[in-house]
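Remarks on the structure that follows.
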Amino acid sequence: FTLENRLREAIDCGQLTMVFQPLINLQTGAVKGFEALARWNDPVLGQVSPAEFIPVAEESGLIVPLGRWALCECAQTLADWDRRFGEPLPLTMNVNLSPVQMVRDNVPRAVEEALRYAGIDGSRLTIELTESALISDPDKTRQLLAALQAMNVTVAMDDFGTGFSNLASLQSLPIDLLKIDRSFVTDMIGDEDKVAIIRAIVSLAGALGMQTTAEGIEKREMADALAALGCHYGQGYFFARPLPPVEAYRYWVDRS
Ligand code: G
Ligand code: G
Ligand code: MN
Ligand code: NA
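In full-length UniProt numbering, the protein residues as written are 308 to 563.
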């Protein structure tokens with residue numbers, strides 16, 4: 308078999324799952340929401356990393372059904388948590404959107420359908436785009452972001468600082484958040500250059516009316532330093548690894 312065929316069957320058979328990594332307000336410690344990350348535990352191959360299967364999905368077009376599943380799964384998980392809790396949890400769900408799905412699918416419709424079916428308001432969803440989305444099809448990106456804005460969906464730029472961001476489009480597009488790439492955070496302690504880059508991204512975001520999330524926080528001193536730099540939110544193993552849905556729900560309940 309090929310990985311592609313195996314992935315197609317996994318999608319058809321509902322073999323993919325989502326885990327949820329908490330996003331923490333670095334200034335208050337509150338749980339702001341979760342980033343949903345896909346997992347594939349194949350009976351034959353074992354755990355296959357998204358770093359491996361997302362590129363296969365993008366090359367084969369399977370990213371379209373996979374991305375639609377991801378949106379539905381996230382909206383339904385939120386609806387499930389709300390039911391369990393008895394009222395809407397004040398938190399947002401971040402979903403990664405592949406630039407390939409952006410080009411090949413009608414993403415606004417997919418988002419609208421996922422939200423409507425689950426009965427979830429758009430304001431509780433954040434779509435994470437990568438910088439390559441800005442370059443590959445600027446017109447389509449502009450239309451997509453306008454449609455998401457009309458649904459009150461938040462837009463975050465993922466892995467910021469590693470791509471080729473065009474500052475003009477960053478400024479002219481309705482982007483709400485910059486996610487500072489893990490590579491700047493990992494070595495920030497004692498590395499003045501990394502700290503300078505983080506400071507510059509936080510400053511750029513502020514000037515453009517955006518907020519920032521730092522990825523890959525593994526130690527308390529990183530969280531403290533990032534908070535002092537004015538970074539709004541953080542995620543990383545220091546707070547929690549990506550958690551299965553029930554554990555993620557408990558994580559929120561235990562801290563609220
Ligand atoms: O969870 P992990 O750190 O192994 O994820 C590796 C990469 O796969 C990250 O870049 C992440 O954004 C991406 N990824 C994980 N889940 C999804 C998903 O549901 N959709 C898309 N498009 N990318 C995902
Ligand atoms: O590209 P994206 O930011 O969507 O990818 C998120 C990935 O980062 C996930 O695969 C997740 O497992 C991983 N991740 C999350 N927190 C940490 C961390 O603190 N350290 C490291 N090394 N990876 C992390
Ligand atoms: Mn992401
Ligand atoms: Na990222």
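C-beta atoms are modelled at their ideal positions from N, C-alpha and C, and glycine is treated no differently.
What is the chain-ordered set of residues for which the beta carbon lies under 6 Å from any non-hydrogen atom of ligand 3?
E342, N403, E435, D465
Note down, one range per segment and in chain order, each alpha helix (DSSP H) of at least 4 residues found wholly within the segment 480-505.
489-493
Compute the minimum distance between the beta carbon of residue 282 and the heavy atoms of ligand 1, and state whether it is under 8 Å.
Any answer about residue 282 is impossible in this case: the structure gives the chain only from 308 up to 563.
Is any heavy atom of ligand 2 found at a distance shorter than 8 Å from the C-beta of L344?
Start at 1 with the first residue of the sequence shown, and residue 344 comes out as number 37. Checking the Cβ of L344 against ligand 2 gives yes.
Can you tell me the Cβ-Cβ gap for D466 and T448, rounded? I've got them flagged as a contact below 8 Å.
Counted from its first residue, the sequence shown places residue 466 at position 159. Counted from its first residue, the sequence shown places residue 448 at position 141. The pair is not a contact, with the Cβ atoms about 16 Å apart (cut-off 8 Å).
Touching by the beta-carbon criterion (3+ pairs, under 8 Å), the segment 538-551 and the segment 310-317:
no
Candidates A317, Q322, Q328: which alpha carbon is nearest R557's?
As a position in the sequence shown, residue 557 is number 250, starting the count at 1. The residue with the shortest Cα to Cα distance from R557 is Q328.
Span of the beta strand (DSSP E) holding L314?
In the sequence shown, residue 314 corresponds to position 7, counting from 1. That residue, L314, is in no beta strand (DSSP E); its alpha helix (DSSP H) goes 310-319.
Residues bridged to V326 by DSSP?
Within the sequence shown, the letter at position 19 stands for residue 326. DSSP lists L344 as partners of V326.
Report yes if the CB atom of D428 is closer than 9 Å to the CB atom of P395, and no otherwise.
On the sequence shown, position 121 is the one that residue 428 refers to. On the sequence shown, position 88 is the one that residue 395 refers to. Yes, Cβ-Cβ distance for D428 and P395 is below 9 Å.
With 16 other Cβ atoms within 10 Å as the buried cut-off, status of N413:
One-based indexing of the sequence shown puts residue 413 at position 106. It counts as exposed.
When the Cα of F360 is compared with those of L455, A317, D500, V462, which residue comes out closest?
In the sequence shown, residue 360 corresponds to position 53, counting from 1. The shortest C-alpha separation from F360 is found at A317.
Looking at the unbroken beta strand (DSSP E) that takes in residue 644, where does it start and where does it end?
Coverage of the chain is limited to positions 308 through 563, which leaves residue 644 absent and any answer about it impossible.
Status (buried if at least 16 other CB within 10 Å, exposed otherwise) for I496:
Here residue 496 corresponds to residue number 189 of the sequence shown, with the count starting at 1. Looking at its Cβ environment, which holds fewer than 16 other Cβ atoms inside 10 Å, I496 is exposed.
Looking at the structure shown, is I434 part of a helix, part of a strand, or coil, going by DSSP?
Taking the sequence shown and counting its residues from 1, the one referred to as residue 434 is at position 127. Residue state, collapsed to three classes: strand.
Can you tell me where the beta strand (DSSP E) holding M529 begins and where it ends?
Indexing the sequence shown from 1 puts residue 529 at position 222. Here M529 belongs to no beta strand (DSSP E); instead the alpha helix (DSSP H) covers 527-535.
Nearer than 8 Å: is that true of the beta carbon of T493 relative to any heavy atom of ligand 2?
Here residue 493 is taken as the residue at index 186 of the sequence shown, counted from 1. For ligand 2, at least one heavy atom lies less than 8 Å from the Cβ of T493.
Beta bridge counterpart(s) of T461 as assigned by DSSP:
The count along the sequence shown starts at 1 and reaches residue 461 at position 154. DSSP, once it has assigned bridges, lists T433 as partnering T461.
Proximal residues to I524 (C-beta, below 8 Å), its chain only, five neighbours per side dropped:
Locating residue 524 in the sequence shown gives position 217, counting from the first residue. Closer than 8 Å at the Cβ level, and outside the excluded window around I524, lie V492, A530, L533, G541, Q542, G543, Y544, F545, F546.
When you measure from the CB of F545 to every non-hydrogen atom of ligand 2, does any distance come out below 8 Å?
The residue given as residue 545 occupies position 238 in the sequence shown. Checking the Cβ of F545 against ligand 2 gives yes.
Can you list, in chain order, the residues of its chain whose CB lies under 6 Å from that of N403, leaving out five sequence neighbours each side?
Here residue 403 corresponds to residue number 96 of the sequence shown, with the count starting at 1. E435.
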